[in-house]
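Here the structure comes first, spelled out in structure tokens, and everything after it is commentary.
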Amino acid sequence: MPINITMPALSPTMEEGNLAKWLVKEGDTVSAGDVIAEIETDKATMEVEAVDEGKLGKIVVPEGTEGVKVNALIAVLLEDGEDASAIDSSGGSAPAAAPAEAKSDAAPATDAGAKDVIPVGAEAATDPMPAPKGADGKRIFSSPLARRLAKLNGLDLGQISGSGPHGRIVKKDIEAAMEKGTGKAAPAAAAPSPAAAAPSAAAPRGPSADQVLKLYEEGSYELVPHDGMRKTIAKRLTESKQTIPHFYVSVDCELDALLALRAQLNASASKDKDGNPAYKLSVNDMTIKALALALRDVPDANVSWTDDNMVKHKHADVGVAVAIPGGLITPIIRRAEEKPLSVVSNEMKDLGKRAKDRKLKPEEYQGGTTAVSNMGMMGVKNFSAVVNPPHATILAVGAGEKRPVVKDGELAVATVMSVTLSTDHRCVDGALGAELLAAFKGYIENPMSMLV
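Residue numbers 208 to 659, in this note's numbering, belong to the letters of the sequence shown in order.
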């Protein structure tokens, strides 16, 4: 029977995406693992792979369509021996999507007689049912059809093993559980009464578009629609400032010893046959390493806040803000405290390049335990950054500059860099933030300690 190919959720927060390009056309034969399309999210361009084989019977959403909702039907795959007439009879059709000039409101995939295909790399979609979580709080990967069948038959997905790609639970796993009589869900706990639920205050809103435009003469401006990235940045940072009590601590760090060590290490880097060095350290690379080591030394600051628990991280996964057209993205150096400076440097160059090309995978920019925002290369002396949840800290790094300093009672000149640590005061108090910043300063001013 025909197989519905739906718009995947490529990250837990994705609600819609742009279908940038079809890499196959109607009538083409595809196999599991074939890349069939490219989808643009607010952060990156992702390749979508098929997890089934067959012939592409119909493209429902044309390439170039913007704003395709997660779980909307984008194409139909025919199994061996089926022809196009099977599409209409199966119910696997949907209204044609709008072209790129208009936002697409493609209809959600239907279940009548058709199977769901979730492309590799897609997380559980948000429509029409949210992805379930197991008893340990981890996401259970399952297709939308499997979730609906499990709900209809009173099955607990946490008790069912998935046979799909990466352990995803698919329709046949639900059918097998029904045949065996396994996976029955426990009775649901009674919902709290409406009176017990605390009322929530509406989030404050800024002036409306009409109120803003009335302040300016008609014809003196142009309107630029918000793209997905700008909407996501606005949503997350507004949420951060409204829900996280920010606290700031600043310190000046002398850089002369670090600059000397950096020059020495770069000069000693081995070269390949073309004369390219094995690494080329930057001040930013050494800043990443210093912050990671400081979090290792002050583990109580390497945390995330939840309403129920303090999440204490075992490693320092440092996100680094990278400016890209239309916004920014924060690729992550995982376990940065364990990696040599040369590895940190080469990873950062690779991640930074792919970030600018919008080629990062979701797992390369989601999560992390802290972040660095460095505007020193733009000549900024100091600034404070907004904490990016679930992080509890972010380090804002300014430019190194020659400043007068007093050493041993005498006036001298040193290269000084100002940094400001923004913290979530719910989990990182002032003294703890100061301790973390002091540890960071120690590594910057005694950089040899980063090598041992």
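No residue lacks a Cβ here, since even glycine has one placed at the ideal position from N, Cα and C.
Decide if residue 374 is buried, meaning its Cβ has at least 16 other Cβ atoms within 10 Å, or exposed.
Numbered from 1 along the sequence shown, position 167 holds the residue referred to as residue 374. Residue 374 should be labelled exposed.
For the beta strand (DSSP E) that contains residue 455, what are its first and last residues?
The count along the sequence shown starts at 1 and reaches residue 455 at position 248. First-last of the beta strand (DSSP E) with residue 455: 453-461.
Considering only residues of the same chain and omitting the five flanking positions on each side of residue 335, which have a CB-CB separation below 6 Å?
Along the sequence shown, one-based indexing puts residue 335 at 128. Because the pLDDT at residue 335 is just 43, under 50, the model does not fix this residue reliably, and the value given afterwards should be weighed accordingly. Answer for residue 335: no residue qualifies.
Exposed or buried, which one is residue 450 when buried takes at least 16 other CB atoms within 10 Å?
As a first step, residue 450 is located in the sequence shown; it is residue number 243 there, counting from the start. Of the residues assessed, residue 450 falls on the exposed side of the cut-off, its CB having fewer than 16 other CB atoms within 10 angstroms.
Given a threshold of 16 other Cβ atoms within 10 Å of its Cβ, counted over all protein chains shown, does residue 262 qualify as buried or as exposed?
Sequence index remark: in the sequence shown, residue 262 carries index 55 (1-based). Classification for residue 262: buried.
What residue from 509, 523, 597 and 580 has the CA that sits closest to residue 443's CA?
Against the sequence shown, residue 443 aligns to sequence position 236. For residue 443, the nearest C-alpha among the options comes from 597.
Return the CA-CA distance between residue 562 and residue 569, expressed in angstroms with no decimal places.
Along the sequence shown, one-based indexing puts residue 562 at 355. Along the sequence shown, one-based indexing puts residue 569 at 362. Spanning the two alpha carbons is a distance of roughly 11 Å.
Given this structure, state the Cα-to-Cα distance separating residue 633 from residue 479, to the nearest angstrom.
Residue 633 sits at position 426 when you count from the first residue of the sequence shown. Residue 479 sits at position 272 when you count from the first residue of the sequence shown. Distance between the alpha carbons of residue 633 and residue 479 is about 49 Å.
Cβ-based burial, residue 233 [other Cβ within 10 Å; buried from 16]
Your numbering for residue 233 matches position 26 in the sequence shown. So residue 233 ends up on the exposed side.
Who pairs with residue 534 in a beta bridge, going by DSSP?
By one-based count along the sequence shown, residue 534 stands at place 327. Paired residue(s): 531.
State the start and end residues of the unbroken alpha helix (DSSP H) segment that holds residue 511.
Here residue 511 refers to the residue found at position 304 of the sequence shown. Note, residue 511: premise wrong, no alpha helix (DSSP H); beta strand (DSSP E) at 510-512.
Compute the Euclidean distance between the alpha carbons of residue 661 and residue 576, then round it to the nearest angstrom.
What the structure shows of the chain is the stretch from 208 to 659, and residue 661 is not part of that stretch, so it cannot be assessed.
Thinking C-beta only, is residue 279 closer than 8 Å to residue 252?
Along the sequence shown, one-based indexing puts residue 252 at 45. Along the sequence shown, one-based indexing puts residue 279 at 72. Not closer than 8 Å, so no.
Determine the DSSP secondary structure at residue 440, reduced to helix, strand or coil.
Translated into the one-based positions of the sequence shown, residue 440 becomes position 233. The answer is helix: DSSP assigns residue 440 an H, G or I state.
Hey, how far is the Cα of residue 440 from the Cα of residue 592?
Along the sequence shown, one-based indexing puts residue 440 at 233. Along the sequence shown, one-based indexing puts residue 592 at 385. The alpha-carbon atoms of residue 440 and residue 592 are separated by roughly 13 Å.
Within 8 Å, strictly: CB atoms of residue 497 and residue 647
Position 290 of the sequence shown, counting from 1, holds the residue named residue 497. Position 440 of the sequence shown, counting from 1, holds the residue named residue 647. Yes.
C-alpha gap between residue 353 and residue 214, whole angstroms:
In the sequence shown, residue 353 corresponds to position 146, counting from 1. In the sequence shown, residue 214 corresponds to position 7, counting from 1. Going by the C-alpha atoms only, they are around 16 Å apart.
Assigned exposure category for residue 564 - 16 Cβ within 10 Å defines buried
By 1-based counting over the sequence shown, the position of residue 564 is 357. The residue in question, residue 564, is exposed, as its Cβ has fewer than 16 Cβ neighbours within 10 Å.
Kindly list the residues whose CB is nearer than 8 Å to the CB of residue 400, restricted to its own chain and excluding five residues on each side of it in sequence; keep chain order.
On the sequence shown, position 193 is the one that residue 400 refers to. Residue confidence is low: residue 400 scores 49 on pLDDT, short of 50, so the model does not pin down where it sits. Its coordinate-derived value is still stated next. No residues qualify anywhere along the chain.
Between the C-alpha atoms of residue 650 and residue 383, what's the straight-line distance to the nearest angstrom?
Within the sequence shown, residue 650 is the residue found at index 443, counting from 1. Within the sequence shown, residue 383 is the residue found at index 176, counting from 1. Cα-Cα distance, rounded: 57 Å.
Using a 10 Å radius around the Cβ and a threshold of 16 neighbouring Cβ atoms, would you call residue 423 buried or exposed?
The residue labelled residue 423 in the question sits at position 216 within the sequence shown. With fewer than 16 Cβ atoms within 10 Å of its Cβ, residue 423 is classed as exposed.
Every unbroken beta strand (DSSP E) within the region 467-525, with a cutoff of 3 residues, ordered by chain
510-512 and 517-519
Hey, would you say residue 513 sits closer than 8 Å to residue 526, going by beta carbons?
Translated into the one-based positions of the sequence shown, residue 513 becomes position 306. Translated into the one-based positions of the sequence shown, residue 526 becomes position 319. For residue 513 and residue 526, no; Cβs fall outside 8 Å.
Report the rounded CA-to-CA distance for residue 508 versus residue 620, giving the unit in angstroms.
The sequence position of residue 508 within the sequence shown is 301, counting from 1. The sequence position of residue 620 within the sequence shown is 413, counting from 1. Their backbone Cα atoms lie some 33 Å apart in a straight line.
Should the region 608-627 be called in touch with the region 458-465, which here means at least 3 C-beta pairs below 8 Å?
Contact between the region 608-627 and the region 458-465 is present, because at least three Cβ pairs lie under 8 Å.
Roughly how many angstroms separate the alpha carbons of residue 574 and residue 616, rounded to a whole number?
For the purposes of this step, residue 574 is taken as residue 367 along the sequence shown, with counting starting at 1. For the purposes of this step, residue 616 is taken as residue 409 along the sequence shown, with counting starting at 1. Per the coordinates, the alpha-carbon of residue 574 lies some 46 Å from the alpha-carbon of residue 616.
Once you ignore the five residues that flank residue 476 on each side, which residues in its own chain have a CB closer than 8 Å to its CB?
Residue 476 sits at position 269 when you count from the first residue of the sequence shown. These residues qualify, in order along the chain: 484, 485, 486, 487 and 549.
Is the distance from the Cβ of residue 364 to the Cβ of residue 347 below 8 Å?
On the sequence shown, residue 364 is found 157 positions in, with the first residue counted as 1. On the sequence shown, residue 347 is found 140 positions in, with the first residue counted as 1. In contact: residue 364 and residue 347 (Cβ atoms closer than 8 Å).
Could you tell me if residue 628 is buried or exposed, where buried requires 16 or more neighbouring beta carbons within 10 angstroms of its beta carbon?
Taking the sequence shown and counting its residues from 1, one reaches residue 628 at position 421. Result: buried.
Where does residue 562 fall in DSSP's three states?
As a position in the sequence shown, residue 562 is number 355, starting the count at 1. Here residue 562 sits in helix by DSSP.
Residue 389 versus residue 212: straight-line alpha-carbon distance, rounded:
As a working mapping, residue 389 is identified with position 182 in the sequence shown. As a working mapping, residue 212 is identified with position 5 in the sequence shown. Each residue's alpha carbon lies about 29 Å from the other.
Residues bridged to residue 391 [DSSP beta-bridge criterion]
Counted from its first residue, the sequence shown places residue 391 at position 184. Paired residues: 362.
Helix, strand or coil: how does DSSP classify residue 241 here?
Position 34 of the sequence shown, counted from the start, is the residue given in the question as residue 241. The answer is coil: DSSP assigns residue 241 none of H, G, I, E or B.
Inter-residue spacing [alpha-carbon to alpha-carbon] between residue 534 and residue 659
Here residue 534 refers to the residue found at position 327 when the sequence shown is read from its first residue. Here residue 659 refers to the residue found at position 452 when the sequence shown is read from its first residue. In a straight line, the C-alpha of residue 534 is about 37 Å away from that of residue 659.
Can the beta-carbon of residue 457 be found closer than 8 Å to that of residue 599?
Here residue 457 is taken as the residue at index 250 of the sequence shown, counted from 1. Here residue 599 is taken as the residue at index 392 of the sequence shown, counted from 1. No, they are not a contact pair.
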